[in-house]
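Everything below concerns the one structure shown next.
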Amino acid sequence: MEKKPEMILFDYGETLITEDKFNPERGNQALLEIAVRNPYKVTPRQVQELADSLGKDLGDAMLGKDRNHKPLDVTHQAFNRYLYEYFEVEFNESADYLEWMFWNNAAPGHPTKNIGKLLSFLQDSGIRTAVVSNMMNTSKSLSRRLEELLPEHHFEFIIASSDYMFRKPHPRIFEMALAKAKLSPDKVWFCGDNPVCDIEGAYRAGMTPVWYTAYLKDKSEVPAVTYLPAVDWEDVIAMITQS
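Letter by letter, the sequence shown follows residues 1260 to 1502 in my numbering.
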């Protein structure tokens, strides 16, 4: 039986929040509609064609032959800056707003089943919570989304990999979370859906990993480490109650 944690760290996507199928052209359309200058009348599709090409080039530069788990990240704002300045498209809004607008239109999100119940239970139990996510969006944008979708949360900090360079499963991003928490890894659980980035990464950082699979689409890859299984957030409540 695992010892009751002092803190639980959560992944974002398909863990706290499940998102609709990613539709980048819809996000591009939303941005082009508020552009104050679009001299070449570029379309959402043209923007996406360049975005796809940039994404491939970034992958080649950062990943090499390992296409599955890149170790470093860049911000969506840097990506967007290249994308729209290339076409000489201009906006009056801030980079933060443009990032948020794109994300909300390209991938609307919804809380996962029973996550609100779990977060309330953890708060009542005195168990601290925080978020560590691999994403190009900034921690500020991620915080805004979580405030909108989980307004009652009490996350102490929210880490997006793009703001801290390193992505899960690299130990550096887990070490940053532990430094912020001021806890040793044996006092922390990590809940996530990705068997490598979340579960193996957390395990190798010394944390207790909880593999949450309620929204996992590809279950062919299984973590190569010991973990606690959860198909519903009520499973985690039960684990803690019994610990």
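For every residue, glycine included, the Cβ atom is placed at its ideal position computed from N, Cα and C.
Looking only at C-alpha atoms, which of the options sits nearest to residue i?
| i | options | result |
| --- | --- | --- |
| residue 1484 | 1498, 1466, 1354, 1499 | 1466 |
| residue 1468 | 1298, 1489, 1337 | 1489 |
| residue 1420 | 1381, 1394, 1434, 1475 | 1394 |
| residue 1388 | 1355, 1293, 1441 | 1441 |
| residue 1418 | 1439, 1281, 1494, 1357 | 1439 |
| residue 1492 | 1262, 1265, 1432, 1273 | 1273 |
| residue 1451 | 1302, 1373, 1317, 1269 | 1269 |
| residue 1386 | 1332, 1336, 1415 | 1415 |
| residue 1431 | 1391, 1373, 1486 | 1391 |
| residue 1281 | 1426, 1444, 1384, 1361 | 1361 |
| residue 1337 | 1317, 1351, 1330 | 1317 |
| residue 1262 | 1444, 1476, 1475 | 1444 |
Just list the residues that DSSP pairs residue i with in beta bridges.
| i | result |
| --- | --- |
| residue 1536 | Because residue 1536 is not part of the residues shown, which for the chain are 1260 to 1502, the question remains open. |
| residue 1451 | 1470 |
| residue 1266 | 1387, 1447 |
| residue 1272 | 1276 |
| residue 1368 | 1278 |
| residue 1407 | Residue 1407 pairs with nothing; no bridge assigned. |
| residue 1296 | 1349 |
| residue 1414 | Paired residues: none, contrary to the question. |
| residue 1489 | 1471 |
| residue 1331 | 1425 |
Take residue i and list the residues in its own chain whose beta-carbon comes closer than 8 Å to its own, dropping the five residues that flank it on each side.
| i | result |
| --- | --- |
| residue 1482 | 1454, 1455, 1458, 1459, 1462, 1468, 1470 |
| residue 1478 | 1472 |
| residue 1412 | 1378, 1388, 1405, 1406 |
| residue 1372 | 1473, 1491, 1492 |
Skipping 5 residues on each side, what residues in its chain have a beta carbon closer than 6 Å to that of residue i?
| i | result |
| --- | --- |
| residue 1364 | 1285, 1286, 1289 |
| residue 1296 | 1349 |
| residue 1335 | 1358, 1395, 1396 |
| residue 1203 | There is simply no residue 1203 to check, as the chain begins at 1260 and stops at 1502 in what is shown. |
| residue 1380 | 1496 |
Mapping DSSP to helix, strand and coil, what is residue i?
| i | result |
| --- | --- |
| residue 1464 | coil |
| residue 1438 | helix |
| residue 1497 | helix |
| residue 1326 | Because residue 1326 sits at a pLDDT of 44, beneath the cut-off of 50, its placement in the model cannot be relied upon, and the following sentence gives the value as read from the coordinates. Correct three-state label for residue 1326: coil. |
Output yes if chain C places a C-beta closer than 8 Å to the C-beta of residue i; else output no.
| i | result |
| --- | --- |
| residue 1362 | The displayed structure is made up of one protein chain only, and chain C is not part of it. |
Excluding the 5 residues flanking residue i on each side, which residues of the same chain have their C-beta closer than 7 Å to its C-beta?
| i | result |
| --- | --- |
| residue 1399 | 1355 |
| residue 1298 | 1347 |
| residue 1502 | 1260, 1261, 1262, 1263 |
Taking 7 Å as the cut-off, is the C-beta of residue i nearer than that to any heavy atom in the ligand ZN?
| i | result |
| --- | --- |
| residue 1458 | In terms of ligand content, the structure shown is empty, and the ligand ZN therefore cannot be addressed. |
Would the region 1394-1408 and the region 1354-1368 be scored as touching if the rule is three or more Cβ pairs under 8 Å?
yes
Between the region 1326-1346 and the region 1300-1314, are three or more C-beta pairs nearer than 8 Å?
yes
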